[in-house]
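Each remark here refers to the structure printed beneath this line.
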Amino acid sequence: ASAIAAVVRAELGRTPQQLFSTWSATPLAAASLGQVHAATDADGTAWAVKVQYPGIAEALAADVASDGFVRRLAGLPLGRSLSTASLATLRAAIVGELDYRAEADALERAGRAWAGDPVIAIPEVVRAHTTRRVLTMTRAPGVPIAELPAGDRALHAEVAMAIVRFAWGTPCNHGFLNADPNPGNYLVETGDATRVWFLDFGCTVEIDETIA
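Be aware that the sequence shown starts at 154, since it is given in our numbering, and climbs by one per residue.
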């Protein structure tokens, strides 16, 4: 907790407790490059704050300098067949995930692409509290797919349709692809209407117009 707080202070000039009305030292989620913490503003607005692990950028840069590491990361046997150019592209994509400002750009782009959709929802970025190693966004409500009622087939179908529309509609209609889909990055909000929140845009890929 203290190491994460130190990253926030180094990036934003103040501790999490000074920046937010409430801050949970226990992360909501944790991944390979960073973890997400719950926070609230003075007016009660709920935030999700993604903070990069200290030292991970240097460690990852050293790892991906090795072609063998990148080939293993791509998965065998595919990794063995990658060309030098492909390795360079994959290496750049991996290192690019270390800059949360790029993820903020992707979040905002996805938000614009799906603005007004009744089901597909994207968190909003808080630019004033976003830097290379800290990403602050509105906290998405809802539960993971695995926690949906097992017998509610109509709900399952609605959620599945939203995921399919997003997965195909984003590259085909808007020219970019979320290259790291994960069932854990979808939250389902139920109530008067169903909404599916799409999280984690750390790795996105532009679609060549000739392909699209």
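Beta carbons: idealized from backbone N, C-alpha and C, even for Gly. All values reported here derive from a predicted model rather than from experimental measurement.
Environment of residue i [buried if 16+ CB atoms lie within 10 Å]
i	result
M314	exposed
N338	buried
T289	buried
D353	buried
R292	buried
E211	exposed
L181	exposed
E300	exposed
R285	exposed
P169	buried
V341	buried
N331	buried
A241	exposed
T198	exposed
R244	buried
W176	buried
V296	exposed
A215	exposed
A257	buried
Residue i (DSSP reduced to helix, strand or coil)
i	result
T168	coil
N118	Any property of residue 118 remains undetermined from this structure, which presents the chain solely from 154 to 365.
L340	strand
A212	helix
A199	strand
A182	strand
F351	strand
G221	helix
A346	coil
G232	helix
A158	helix
A163	helix
A332	coil
Close-in-space but distant-in-sequence residues of the same chain around residue i (CB under 8 Å, 5 per side omitted)
i	result
L186	Q205, Y206, I209, L213, E250, L251, G355
I127	Any property of residue 127 remains undetermined from this structure, which presents the chain solely from 154 to 365.
D194	F173, S174, W200
I273	W267, A315, R318, F319, R348, V349, F351
V287	V160, V161, E164, L165, V202, K203, V204, Q205, Y253
Other residues of its chain near residue i: CB distance less than 7 Å, five sequence neighbours each side excluded
i	result
E101	Only positions 154 to 365 of the chain appear in this structure, which leaves residue 101 out of reach.
A178	A154
Close Cβ partners of residue i (< 6 Å) along its chain, the five nearest in sequence each way excluded
i	result
F173	A192
I157	V204
G166	none
A183	none
I247	V217
D333	C356
N326	none
Sufficient close CB pairs (3 or more, under 8 Å) joining the segment 195-205 to the segment 160-171: yes
Segments of 3+ residues assigned as beta strand (DSSP E) that fall wholly inside the segment 236-319: 287-291
The segment 213-225 touching the segment 233-249, judged by at least three CB pairs closer than 8 Å: yes
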